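Protein chains in written order, with this note's numbering: chain A, 1 to 397; chain B, 1001 to 1205.
Laid out in structure tokens, this is it:
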């Protein structure tokens, strides 16, 4: 039945008004001025003070002053960009069989005096119990579905990225779309974390040993880490960090700015702050999971990030600290990410093509279902889906 | 040894569509992939040992995924083939195809027939360019030109005819005697349509 939009119209109008109002209040300019003047160690001290009381993520300063900006480094003419992306067909609750189809797009593009691209994809069909579960140390089987499925997919993409990077000509970078922080893993059973974290750190270590900086690219990021750090700076000692307009302990102007910054995202802050091609200072994420990003050799792969003006928008670039702390690597990532966005009209073509290679179309899905149905039929098993599913397909009146 | 130029991706009793295949070396700079010349003669092996002949009647380049459209990539001094150097992935996401109209075949005994072959060439078989000597031999008898008048190609029949005759004229090393024969043949074919005839003659230069 059609959606009745009449009663939505008024709310939509109100949203537009709210957005317009927020854009006029000048709080962004004040926030930028604050960022410009921030002192790293002083900010770190305040963050440490409120560490136990602040439930959300803050951006921890590194050796670079938080308000610093960095111009585009020289771009190597000859270079390679490696990227992967994945797509999957999730196990369907209405189907009599359980399986996962995985398709990982793999891209390697060499630019410069010998331009050449390699675009491929590799699919996998998981159906055995051990492939559909993560088994922990105690032997407990955790089904791979929902958030865990997303995490496993990201891990497979990262491992494929490391495989592709083996063939890349120097200098190269390896890029993935989406965070390297594996957020969903934070909420998983610690026994599952224990199984998956070594895979993550082992793979990050591979990039290090290959001499290829790995980074993730997040377009139009929704993160608020840096904003949250500004709010901690403004209202630090005050336990509230919520609606600071009522707070008696905070300076009223600081409190007002803190409240106004509540819905603001880092991208809003940096778009008026960075010039095209420039990057922000490097920050470290305060995600608890980071503490566990140490590989078996003891190397620390905790994730740091910076924001960059790609020429079109603000993107967030995340990478393990060994990338960010090595000038050659971080400059290469900075320069090549901007170069990719220039070539791709705003988004890295390597990531776009990896995505295209990974796509499982509706037609592909139908073909797979038909193949399963036919294979089952040959084995003498009828392919019967749930009645609820049937009611959605037939929609009888 | 003639050059393999494509692989059949669609085939019918009247014509086939082939994807242009260009061998890629590590050394070559990437560039656009062009279809074979309009009006040129190509051939395909048949499973029984014979060959079919066809005239190239149309060529296109599009995205492999029909849903993806080309975007403007010219920028400052990045123009023409430099666009392909700057975006090496284009080679993998573009596809050049050509349509060829069947005009005859050579049976397994080696005899030439200038009418529609009994069988279309099979899907996935390779398409080859015809050498000049074979083009001269095939064009000794022009009865097959009729097959180029009304085809599935968007190219008007009289233009296709003229393109093919021009190709043959060059392969026959500017044989003017043959050319007047061909022109007379065309005049006869198009005798009821003065406009099309005019167009064909003009295109023959």
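Cβ atoms here follow ideal geometry from the backbone N, Cα and C, with glycine treated the same way. None of the values given here were measured: they were computed from a predicted structure.
What would DSSP say about residue i, mapped onto helix, strand or coil?
i                       : result
residue 1145 of chain B : helix
residue 48 of chain A   : helix
residue 1056 of chain B : strand
residue 285 of chain A  : strand
residue 301 of chain A  : coil
residue 182 of chain A  : coil
residue 43 of chain A   : helix
residue 1007 of chain B : strand
residue 1024 of chain B : coil
residue 111 of chain A  : strand
residue 1039 of chain B : coil
residue 64 of chain A   : coil
residue 1085 of chain B : helix
residue 1106 of chain B : strand
residue 1045 of chain B : strand
residue 1126 of chain B : strand
residue 118 of chain A  : strand
residue 147 of chain A  : helix
residue 59 of chain A   : strand
Going by DSSP, which residues form a beta bridge with residue i?
i                       : result
residue 103 of chain A  : A:87, A:123
residue 316 of chain A  : A:218, A:307
residue 1015 of chain B : B:1101
residue 1178 of chain B : Residue 1178 of chain B pairs with nothing; no bridge assigned.
residue 141 of chain A  : A:135
residue 177 of chain A  : A:217
residue 1078 of chain B : B:1075
residue 1062 of chain B : B:1095
residue 1131 of chain B : Bridge partners of residue 1131 of chain B: none, in fact.
residue 378 of chain A  : Paired residues: none, contrary to the question.
residue 280 of chain A  : A:69
residue 420 of chain A  : Residue 420 of chain A is absent from the model: chain A starts at 1 and stops at 397.
residue 1256 of chain B : Only positions 1001 to 1205 of chain B appear in this structure, which leaves residue 1256 of chain B out of reach.
residue 294 of chain A  : A:300
residue 1112 of chain B : B:1106
residue 224 of chain A  : None, per the DSSP bridge assignment.
Just confirm the distance between the C-beta atoms of residue i and residue j, as a whole number of angstroms; I'd bet it's less than 8 Å.
i                       : j                       : result
residue 1003 of chain B : residue 1163 of chain B : In fact, because the Cβ distance is near 20 Å, the residues do not count as touching under 8 Å.
residue 32 of chain A   : residue 272 of chain A  : 6 Å
residue 255 of chain A  : residue 311 of chain A  : About 37 Å; that fails the 8 Å criterion.
residue 1149 of chain B : residue 1189 of chain B : 6 Å
residue 212 of chain A  : residue 174 of chain A  : 5 Å
residue 315 of chain A  : residue 221 of chain A  : 7 Å
residue 34 of chain A   : residue 180 of chain A  : Actually they are not in contact, since the Cβ atoms of residue 34 of chain A and residue 180 of chain A sit about 28 Å apart, beyond 8 Å.
residue 1186 of chain B : residue 1145 of chain B : 7 Å
residue 1005 of chain B : residue 1127 of chain B : 6 Å
Between the C-alpha atoms of residue i and residue j, what's the straight-line distance to the nearest angstrom?
i                       : j                       : result
residue 258 of chain A  : residue 294 of chain A  : 35 Å
residue 178 of chain A  : residue 15 of chain A   : 28 Å
residue 171 of chain A  : residue 1078 of chain B : 23 Å
residue 1083 of chain B : residue 308 of chain A  : 26 Å
residue 193 of chain A  : residue 1019 of chain B : 49 Å
residue 392 of chain A  : residue 386 of chain A  : 10 Å
residue 1047 of chain B : residue 1119 of chain B : 10 Å
residue 318 of chain A  : residue 306 of chain A  : 7 Å
residue 12 of chain A   : residue 227 of chain A  : 27 Å
residue 90 of chain A   : residue 203 of chain A  : 25 Å
residue 1087 of chain B : residue 333 of chain A  : 19 Å
residue 1196 of chain B : residue 1133 of chain B : 30 Å
residue 1089 of chain B : residue 79 of chain A   : 14 Å
residue 143 of chain A  : residue 131 of chain A  : 9 Å
residue 373 of chain A  : residue 95 of chain A   : 10 Å
residue 1157 of chain B : residue 1104 of chain B : 17 Å
residue 264 of chain A  : residue 201 of chain A  : 32 Å
residue 283 of chain A  : residue 147 of chain A  : 27 Å
residue 395 of chain A  : residue 92 of chain A   : 19 Å
residue 1012 of chain B : residue 76 of chain A   : 51 Å
residue 73 of chain A   : residue 335 of chain A  : 6 Å
residue 289 of chain A  : residue 185 of chain A  : 8 Å
residue 116 of chain A  : residue 1033 of chain B : 15 Å
residue 390 of chain A  : residue 369 of chain A  : 15 Å
residue 133 of chain A  : residue 69 of chain A   : 45 Å
residue 135 of chain A  : residue 19 of chain A   : 47 Å
Next on the checklist: Below 8 Å, how does it come out for the region 228-238 of chain A and the region 185-202 of chain A: are there three or more Cβ pairs, yes or no?
Outcome noted: no
Item to check | Any 3 or more C-beta pairs closer than 8 Å across the region 157-164 of chain A and the region 83-92 of chain A | outcome: yes
Checklist entry - Is the region 1067-1077 of chain B in contact with the region 1102-1110 of chain B, if contact means three or more CB pairs nearer than 8 Å? => result no
Checklist entry - Looking at C-beta atoms only, is the number of pairs between the region 183-193 of chain A and the region 348-359 of chain A that lie closer than 8 Å three or more? => result no
Next on the checklist: When you compare the region 48-64 of chain A with the region 149-160 of chain A, are there three or more beta-carbon pairs, one atom per stretch, that lie closer than 8 Å?
Outcome noted: no
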